[in-house]
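Here the sequence shown is numbered in full-length UniProt numbering, starting from 1 and rising by one per residue.
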Amino acid sequence: TDIKFFFKILALCHSVQVSNEDMKKLSARLSVTGNMQLMNFFKRKKIKTNNTNGSVVDNVTWNSIINENGNKIDYQASSPDEKALVEVAERFDITFLGEEGNDLVLKVGEHTEMYERLQIIEFTSERKRMSVILRDRDGKIWLYCKGAESSVFPLCTNYSCVQETDRDINIFANKGLRTLAIAYREVPEEEYEKVAEAIKRLDGKSAEALQQVTQQYRTLERNLTLLGATGVEDCLQDNVADTLASLRAAGVKTWVLTGDKVETAINVAQSCAHISENDRRMFMIGIEDSTTLQAHIGECSRIINEPSYRDLTLVVDGTSMTQVLDTAYAPAFVNIAIKCHAVLCCRLSPIQKAKIVKLIKESDERPITAAIGDGANDISMIQEAHVGFGILGREGHQAGRSADFAITKFSMIKKILLVMGHWYNQRLATLIQYFFYKNLVLGNIMFLFQIHTVFSTQSIFDSMYLTFYNLVFTSVPVLLLSVTEQAWSSDVLYKDFYTLLHSV
Numbered sequence: 001t002d003i004k005f006f007f008k009i010l011a012l013c014h015s016v017q018v019s020n021e022d023m024k025k026l027s028a029r030l031s032v033t034g035n036m037q038l039m040n041f042f043k044r045k046k047i048k049t050n051n052t053n054g055s056v057v058d059n060v061t062w063n064s065i066i067n068e069n070g071n072k073i074d075y076q077a078s079s080p081d082e083k084a085l086v087e088v089a090e091r092f093d094i095t096f097l098g099e100e101g102n103d104l105v106l107k108v109g110e111h112t113e114m115y116e117r118l119q120i121i122e123f124t125s126e127r128k129r130m131s132v133i134l135r136d137r138d139g140k141i142w143l144y145c146k147g148a149e150s151s152v153f154p155l156c157t158n159y160s161c162v163q164e165t166d167r168d169i170n171i172f173a174n175k176g177l178r179t180l181a182i183a184y185r186e187v188p189e190e191e192y193e194k195v196a197e198a199i200k201r202l203d204g205k206s207a208e209a210l211q212q213v214t215q216q217y218r219t220l221e222r223n224l225t226l227l228g229a230t231g232v233e234d235c236l237q238d239n240v241a242d243t244l245a246s247l248r249a250a251g252v253k254t255w256v257l258t259g260d261k262v263e264t265a266i267n268v269a270q271s272c273a274h275i276s277e278n279d280r281r282m283f284m285i286g287i288e289d290s291t292t293l294q295a296h297i298g299e300c301s302r303i304i305n306e307p308s309y310r311d312l313t314l315v316v317d318g319t320s321m322t323q324v325l326d327t328a329y330a331p332a333f334v335n336i337a338i339k340c341h342a343v344l345c346c347r348l349s350p351i352q353k354a355k356i357v358k359l360i361k362e363s364d365e366r367p368i369t370a371a372i373g374d375g376a377n378d379i380s381m382i383q384e385a386h387v388g389f390g391i392l393g394r395e396g397h398q399a400g401r402s403a404d405f406a407i408t409k410f411s412m413i414k415k416i417l418l419v420m421g422h423w424y425n426q427r428l429a430t431l432i433q434y435f436f437y438k439n440l441v442l443g444n445i446m447f448l449f450q451i452h453t454v455f456s457t458q459s460i461f462d463s464m465y466l467t468f469y470n471l472v473f474t475s476v477p478v479l480l481l482s483v484t485e486q487a488w489s490s491d492v493l494y495k496d497f498y499t500l501l502h503s504v
């Protein structure tokens, strides 16, 4: 059925890996059951080569193999969305058991299917989709594709299904779910062989050659049949709304830069109190030419300059940001955005996020920027900002490794910026001044004594005193002061300090 086929695609079209420990457990249990074919798969001994392409193995007690002693397959993925989709397929009795080389194994009901993976067309921020090309047990070649609906829908031919699915995706997005469209196509053997032959003629491993290989495989991504869509909830961490409210009260301008579609981004922004339902919203959506951009910027400028304007929210998508970044209207856009209560940028690529941060850094006000992200798509933005914060969590550690500071929760930003930032600014200032002072004191005393002794080699201080002067007498006190000094308590800094500071 289509539903079973849908979850089978979810279990095959991904970049998820099974942990090595689980692969060893499965291999050990298979040796007990005596299933030679799957033992060969897990041990990379392809003795029965005629059974490696989409073959089916029956009569294996998979519940005893997978769930014995409470064992459960541990999936590892760079994206929590990918892992979630594979796990939901497992709930519908279609379990991804692992891969070895180019072979994939699925548990479907009470039997097992093996597929030969011919090619993966990787996901990129420009393509906004990924595809996998497989050969099944009957020798048929299939292309399975999943990605953003804006990228997948134009490739599909069943237009009635596209319209219905688009309505469903909008419903998912309005609930704050991250959506993907799922499509497939059976690829004729001759067409695939023609593409494979063209790829063989491409020599070298240069970036240009690899790009040409990808382009050849992209020719297969056409005339797809849309099967359905997925919606994954990306739950907010605790205290996100409180953190954003505290930053805004302290005078910090907050922008949200995301790759989610507009409806999803607005819903999530409302749930974390970045924007309010009562805010007046200005939209720059789907602008593809400079004339339309000029008209929108003119209208937004008029609204901004109204005497009664307040609590304005600017919502921009990636298509419109491309026009902003590539035209002379960037300064005008910045002037509008800085005056807004909140800014929400949707459907952005990683490079667009970095360009927006750079645009703000180089604006007339020259503000200090901080970028906060938790995924690989945020790395360029984090590195572009003056200060980068990487959140360690479900999205992996790539953002944390690329950042100036790595944190585990978004709510930590509140204390870091509002409390620790002020404390250590004061402490470092005191430390630097003291080190200048102590060295000037010692140097001046010795200089004046030399005048008194007619610049002889006589020293006014004992050598032991000079040794301990820097080591103990003048180092330990100032270091303790620099660690413990609090000009203002954390309670004052959290509540009233920045509000009073801006009112002066």
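Yeah, the Cβ is synthetic: ideal placement off N, Cα and C, and Gly gets one too.
Report back the beta-carbon spacing between residue i and residue j to the nearest angstrom; my notes put them in contact at under 8 Å.
i, j, result
"Asp2", "Leu177", "So it is not a contact: roughly 21 Å between Cβ atoms."
"Val105", "Met114", "5 Å"
"residue 507", "Cys345", "Any question about residue 507 goes unanswered here, given that the chain covers just 1 to 504."
"Gly98", "Val213", "Gly98 to Val213, Cβ: 26 Å. No contact."
"Arg401", "Ser482", "The pair is not a contact, with the Cβ atoms about 29 Å apart (cut-off 8 Å)."
"Glu149", "Ile169", "5 Å"
"Val195", "Leu155", "That belief does not hold up - the Cβ atoms of Val195 and Leu155 are roughly 16 Å apart, past 8 Å."
"Phe7", "Phe92", "5 Å"
"Leu247", "Thr254", "6 Å"
"Thr225", "Asn267", "That pair is no contact at about 30 Å."
"Ile336", "Ile360", "About 13 Å separates the two Cβ atoms, so there is no contact after all."
"Ile382", "Ala399", "6 Å"
"Ala385", "Val357", "5 Å"
Enumerate in chain order the residues of its own chain whose CB-to-CB distance from residue i is below 6 Å, with the five nearest sequence positions on each side excluded.
i, result
"Val132", "Cys13, Ile120, Tyr144"
"Glu233", "Leu177"
"residue 505", "Because the chain spans 1 through 504 in this model, residue 505 falls outside it and cannot be assessed."
"Arg366", "none"
"Tyr75", "Val16, Lys83, Val86"
"Phe153", "Val162"
"Ser125", "Ser349, Pro350"
"Arg117", "Asn102, Leu104, Leu134"
"residue 513", "Outside the shown range of the chain (1 to 504) lies residue 513, about which nothing can therefore be said."
"Phe449", "Ile460"
"Gly231", "Phe172, Leu177, Thr179"
"Arg280", "Leu312"
"Ser79", "none"
So, at 8 Å on beta carbons, what are the nonlocal neighbours of residue i in its own chain, with the 5 sequence-adjacent residues on each side left out?
i, result
"Ala245", "Ala273"
"Met446", "Ser459, Ile460, Phe461"
"Leu408", "For the record, residue 408 in the displayed sequence is Thr; it is not Leu. Excluding residues within five positions, the ones whose Cβ falls inside 8 Å are Ile391, Leu392, Gly393."
"Glu90", "Ala11, Ile73, Phe96"
"Phe405", "Val387, Gly388, Phe389, Gly390, Ile416"
"Ser456", "Gln450"
"Gln294", "Tyr329"
"Ala269", "Val256, Ile275, Ala342, Leu344"
"Ile9", "Tyr144, Lys146, Ile182, Tyr184, Leu227"
Once the 5 residues before and after residue i are set aside, which same chain residues still bring their CB inside 7 Å of it?
i, result
"Ala328", "none"
"Cys340", "Leu312, Thr313, Leu314"
"Ala241", "Cys272, Ala273"
"Phe333", "Ile297, Val324"
"Phe497", "Trp488"
"Ser423", "It should be pointed out that residue 423 corresponds to Trp in this sequence rather than to Ser. Excluding residues within five positions, the ones whose Cβ falls inside 7 Å are Gln486."
"Asn239", "Ser411"
"Asn223", "Thr157, Arg185"
So if DSSP puts residue i in a beta bridge, which residue, or which two residues, is it bridged to?
i, result
"residue 525", "Residue 525 falls outside the range modelled here, since the chain spans only 1 to 504, and no answer is possible."
"Tyr184", "Tyr144, Thr225"
"Thr327", "Answer is none; Thr327 lacks a bridge partner."
"Cys94", "Correcting the residue type first, residue 94 is Ile in the shown sequence and not Cys. Answer is Val108, bridged to Ile94."
"Gln17", "Gln76"
"Cys156", "Leu224"
"Ile169", "Beta-bridge pairing links Ile169 to no other residue."
"Glu116", "Asp103, Arg135"
"Leu312", "Arg280"
"residue 505", "The displayed coordinates of the chain run from 1 to 504. Any statement about residue 505 would go beyond what the structure contains."
"Ala382", "Note that residue 382 is Ile in the sequence shown here, rather than Ala. Looking at the DSSP assignment, Ile382 forms no beta bridge with any residue, so it has no partner."
"Thr179", "Gly231"
"Ile121", "Ser131"
Examine the ligand NAP and report whether any of its heavy atoms sits within less than 6 Å of the Cβ of residue i.
i, result
"Lys83", "The model depicted lacks the ligand NAP and carries no ligand whatsoever."
Counting Cβ pairs closer than 8 Å, one from the stretch 339-354 and one from the stretch 363-381, do we hit at least three?
yes
Could you give the uninterrupted runs of the alpha helix (DSSP H) lying entirely in the UniProt domain "P-type ATPase C-terminal" (401-495), keeping only those of 4 residues or more?
412-415, 421-452, 463-468, 476-484, 490-495
Would the stretch 187-200 and the stretch 158-169 be scored as touching if the rule is three or more Cβ pairs under 8 Å?
no
Segments assigned beta strand (DSSP E), at least 3 residues, entirely inside the stretch 209-289:
225-233, 255-257, 280-284
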